[in-house]
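A.B. asks: My questions all concern the structure below.
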Amino acid sequence: MALEDTSYLPTFATVEEERRHRKERLAAAFRLFGKFGFDEGVAGHITARDPEDPERFWVNPLGKNFKHIRVSDLICVDSKGDVVEDQGMLNVAAFVIHGHVHAARPDVQAAAHAHSLHGKAWSSLGRLLDPLTQDSCAFYGDHGLFDDYTGIVVDPQEGKRIAEALGDHKAAILRNHGLLTTGWSVDEAAWWFITMERTCQAQLLAEAAGEPVKIEAEHAALTASQVGSHVAGHFSFKPLWDMIVQEQPDLLE
Ligand SMILES: [Zn+2]
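Right under this line is the structure:
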């Protein structure tokens, strides 16, 4: 696991303030996922670890449209999958996937998964993404492939194997399913998802048009260190946060 300075992350006087902050970022991430069309029926979830009890995480309630989610709609789930705060039904797949990711990766504060169009189209190819663009280098050597599909993820063993496929990476492609991203903040996990979806779209477009030229390994690795760091992912979310809070302030309710 990469050792990196975390001093860019905000600090808080109380755990309540920190929880409120994480929940606001989470609600904003859902609004953005809704705005970008990443929803597909009841599929998709973004989670944020609770700052007080690391075994608990906050997640969207099953059946609530991403475009309508407010801070007060988020539910808190414990390590057994029980909803411990606020009302709402839990998506079992959210618990099985995210529960294992949060357990396997104590460094991960947030994880995002959705059935976005280009992510799921790319996932059906069963391949890792290539370094075709500067932006795609964020994932160079830093995403895994869960090369298996057996149905909706309800089996705890499958959640465990997805976490293993993720490994120490920031993201994973779940074959025939979609994308999974993580972050040291909600901001980071949400940003990686948004840019990974577009990276899948860019590679699909490029391969449909011809034979794209790959960035050489040495330059891809250097670019990865520039655009793929935790701090880069965290701050890349800021313009989107500023926009969505200004446009849809009710998300903070
Ligand atoms: Zn899914």
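Following our numbering from start to finish, the sequence shown increments by one per residue and tops out at 245. Positions of the beta carbon are idealized from the N, C-alpha and C atoms, including for glycine. Remember, predicted model here, so these are calculated numbers, not experimental data.
Taking only the alpha-carbon atoms, compute the straight-line gap between residue 54 and residue 79 and give it to the nearest angstrom.
C.D. replies: Stepping through the sequence shown from its first residue, residue 54 is reached at position 62. Stepping through the sequence shown from its first residue, residue 79 is reached at position 87. A direct Cα-Cα distance of roughly 11 Å separates residue 54 from residue 79.
A.B. asks: Is any heavy atom of ligand 1 found at a distance shorter than 7 Å from the C-beta of residue 169?
C.D. replies: In the sequence shown, residue 169 corresponds to position 177, counting from 1. Residue 169 Cβ: within cutoff of ligand 1.
A.B. asks: Give a single yes or no on whether residue 85 has its beta carbon closer than 7 Å to a heavy atom of ligand 1.
C.D. replies: Here residue 85 corresponds to residue number 93 of the sequence shown, with the count starting at 1. Yes, the beta carbon of residue 85 sits closer than 7 Å to at least one heavy atom of ligand 1.
A.B. asks: Does DSSP classify residue 5 as helix, strand or coil?
C.D. replies: As a first step, residue 5 is located in the sequence shown; it is residue number 13 there, counting from the start. Coil, per DSSP.
A.B. asks: Assuming contact is defined by CB atoms lying nearer than 8 Å, are residue 225 and residue 189 in contact in what I supplied?
C.D. replies: Taking the first residue of the sequence shown as position 1, residue 225 is located at position 233. Taking the first residue of the sequence shown as position 1, residue 189 is located at position 197. Against a cut-off of 8 Å, the Cβ pair of residue 189 and residue 225 comes out as no contact.
A.B. asks: Do the CB positions of residue 131 and residue 163 come within less than 8 Å of each other?
C.D. replies: Residue numbering aside, residue 131 sits at position 139 when the sequence shown is read from its first letter. Residue numbering aside, residue 163 sits at position 171 when the sequence shown is read from its first letter. Contact: yes.
A.B. asks: Roughly how many whole angstroms lie between the Cα atoms of residue 243 and residue 184?
C.D. replies: Your numbering for residue 243 matches position 251 in the sequence shown. Your numbering for residue 184 matches position 192 in the sequence shown. If I take the Cα positions, the gap works out to 21 Å.
A.B. asks: Report the rounded CA-to-CA distance for residue 117 versus residue 167, giving the unit in angstroms.
C.D. replies: Numbered from its first residue, the sequence shown carries residue 117 at position 125. Numbered from its first residue, the sequence shown carries residue 167 at position 175. Roughly 7 Å separates the two Cα atoms.
A.B. asks: The alpha helix (DSSP H) spanning residue 171 covers which residue range?
C.D. replies: As a working note, residue 171 is residue 179 in the sequence shown. No alpha helix (DSSP H) holds residue 171; the beta strand (DSSP E) holding it covers 170 to 175.
A.B. asks: Given residue 232, which residues of its chain have a CB within under 6 Å of its CB, disregarding the five upstream and five downstream residues?
C.D. replies: Along the sequence shown, one-based indexing puts residue 232 at 240. Answer for residue 232: 24, listed in chain order.
A.B. asks: For residue 27, which residues of its own chain have a beta-carbon under 6 Å away from its beta-carbon, when the five flanking residues on both sides are left out?
C.D. replies: Locating residue 27 in the sequence shown gives position 35, where the first residue counts as 1. Short of 6 Å from the beta carbon of residue 27, and not among the five residues preceding or following it, lies no beta carbon of its own chain.
A.B. asks: Please report the straight-line C-alpha distance between residue 248 and residue 140, rounded to a whole angstrom.
C.D. replies: This structure does not reach residue 248, given that the chain is present from -7 up to 245, and the question cannot be answered.
A.B. asks: Measure the beta-carbon distance from residue 19 to residue 66 and round it to whole angstroms, keeping in mind my assumption that it falls under 8 Å.
C.D. replies: Within the sequence shown, residue 19 is the residue found at index 27, counting from 1. Within the sequence shown, residue 66 is the residue found at index 74, counting from 1. About 7 Å separates the two Cβ atoms, so the contact holds.
A.B. asks: Between residue 47 and residue 73, what straight-line distance do the alpha-carbon atoms span, to the nearest angstrom?
C.D. replies: Numbered from its first residue, the sequence shown carries residue 47 at position 55. Numbered from its first residue, the sequence shown carries residue 73 at position 81. Straight-line Cα distance between these residues: approximately 10 Å.
A.B. asks: What are the boundary residues of the beta strand (DSSP E) that includes residue 192?
C.D. replies: The count along the sequence shown starts at 1 and reaches residue 192 at position 200. That residue, residue 192, is in no beta strand (DSSP E); its alpha helix (DSSP H) goes 178 to 201.
A.B. asks: So does residue 35 have its beta carbon nearer than 7 Å to some heavy atom of ligand 1?
C.D. replies: Locating residue 35 in the sequence shown gives position 43, counting from the first residue. Yes, the beta carbon of residue 35 sits closer than 7 Å to at least one heavy atom of ligand 1.
A.B. asks: Look at the alpha carbon of residue 10 and the alpha carbon of residue 44, and state the distance between them as a whole number of angstroms.
C.D. replies: To locate residue 10, count along the sequence shown from 1; it is residue 18. To locate residue 44, count along the sequence shown from 1; it is residue 52. Distance from the CA atom of residue 10 to the CA atom of residue 44, rounded to whole angstroms, is 9 Å.
A.B. asks: For residue 161, which three-state DSSP category applies?
C.D. replies: Looking up residue 161 in the sequence shown gives position 169. Three-state result, residue 161: coil.
A.B. asks: Could you give the residue range of the beta strand (DSSP E) that holds residue 104?
C.D. replies: As a working note, residue 104 is residue 112 in the sequence shown. Unbroken beta strand (DSSP E) run through residue 104: 102 to 106.
A.B. asks: On the three-state DSSP scale, how would you describe residue 49?
C.D. replies: Within the sequence shown, the letter at position 57 stands for residue 49. DSSP places residue 49 in strand when its eight states are reduced to three.
A.B. asks: Between which residues of its own chain and residue 31 is the CB-CB distance below 6 Å, once the five residues before and five after are set aside?
C.D. replies: By one-based count along the sequence shown, residue 31 stands at place 39. Correct list, in chain order: 58.
A.B. asks: Taking the alpha-carbon positions, what's the residue 33 to residue 122 distance?
C.D. replies: Counting from 1 along the sequence shown, the entry for residue 33 is found at position 41. Counting from 1 along the sequence shown, the entry for residue 122 is found at position 130. Approximately 30 Å, taken between the alpha carbons.
A.B. asks: In this structure, how does DSSP classify residue 39 when only helix, strand and coil are distinguished?
C.D. replies: As a working mapping, residue 39 is identified with position 47 in the sequence shown. Of the three classes helix, strand and coil, the one that applies to residue 39 here is strand, per DSSP.
A.B. asks: Kindly examine ligand 1 and report whether one of its heavy atoms sits closer than 7 Å to the Cβ of residue 110.
C.D. replies: Locating residue 110 in the sequence shown gives position 118, counting from the first residue. No - ligand 1 has no heavy atom lying nearer than 7 Å to the Cβ of residue 110.
A.B. asks: Tell me whether residue 105 counts as near ligand 1, meaning its Cβ is closer than 7 Å to at least one heavy atom of that ligand.
C.D. replies: On the sequence shown, residue 105 is found 113 positions in, with the first residue counted as 1. Checking every heavy atom of ligand 1 against the Cβ of residue 105, one is found closer than 7 Å.
A.B. asks: Looking only at its own chain, which residues have a Cβ that is under 8 Å from the Cβ of residue 147, when we skip the five neighbours before and after it?
C.D. replies: If you number the sequence shown from 1, residue 147 lands on position 155. Non-local C-beta neighbours of residue 147 in its own chain, meaning closer than 8 Å and more than five positions away in sequence, comprise 88, ordered along the chain.
A.B. asks: On the CB-based measure, 16 or more other CB atoms within 10 Å of its CB, does residue 64 come out buried or exposed?
C.D. replies: The sequence position of residue 64 within the sequence shown is 72, counting from 1. Label assigned to residue 64: exposed.
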